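Here is the structure we will look at.
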Amino acid sequence: IKADYLKFMTRNGTREIELHTQKMIDDFNNGFEIKEGRAYTKIITKNSVWGFIVKSDNDKLFYKGDILKAAGYNAPARNKARGNVFADHYSVQWTGPNYLN
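Okay, structure coming up:
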């Protein structure tokens, strides 16, 4: 997530990091909060929910590590996983879990 934000702020590395840009990057990187719940790990970026990660192998619809988009501040959208943190070739965006295909 942090690497994708850096890529966005530097236009894929084509723009130099100026003082105000570095401050924005530092604020973003320091604004992360991880909250452990019973069924999910909630990822918060600057007081906004980025997404949820399934913690259990016993979920009826999802696998452990599945990334779910937020339906609201306290609950994930349980329609489909947006990826899995254990997948080899899955990338995420700083704006949130990837859209459904």
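For what it's worth, the numbering used here labels the leading residue of the sequence shown as 1, then goes sequentially.
A virtual CB, placed ideally from N, CA and C, is assigned to each residue, including glycine.
As the structure is a computational prediction, the values presented were derived from the model and not from experiment.
Beta-carbon proximity check, residue i vs residue j, cutoff 8 Å
| i | j | result |
| --- | --- | --- |
| L68 | V54 | yes |
| A77 | A70 | yes |
| S94 | D4 | Here the sequence assigns Trp to residue 94, which means Ser is not the residue at that position. Cβ distance < 8 Å, so W94 and D4 count as in contact. |
| K2 | N30 | no |
| D57 | K46 | no |
Residue of the options minimising C-alpha distance to residue i
| i | options | result |
| --- | --- | --- |
| V92 | D66, A75, N74, A71 | D66 |
| G51 | H20, T14, T41 | T41 |
| Y99 | S48, Y63, G83, T14 | G83 |
| A75 | K60, I1, H20, V49 | V49 |
| N79 | M24, L61, G37 | L61 |
Residue i burial status per 10 Å Cβ neighbour count (16 or more: buried)
| i | result |
| --- | --- |
| I103 | Not covered by the structure: residue 103. The range shown for the chain is 1 to 101. |
| F32 | exposed |
| T14 | exposed |
Below-8 Å beta-carbon distance, residue i vs any chain B residue
| i | result |
| --- | --- |
| K64 | Of the chains in the structure shown, none is chain B; there is only one protein chain. |
#### Entry: 3-residue-minimum beta strand (DSSP E) runs that sit fully inside the segment 29-55, ordered along the chain
Within the segment 29-55, the complete beta strand (DSSP E) runs of at least 3 residues are 32-36, 40-45, 48-54.
### Query
Whole alpha helix (DSSP H) runs in the segment 6-30 with 4 or more residues, listed along the chain?
Segments of the alpha helix (DSSP H) lying fully in the segment 6-30: 19-30.
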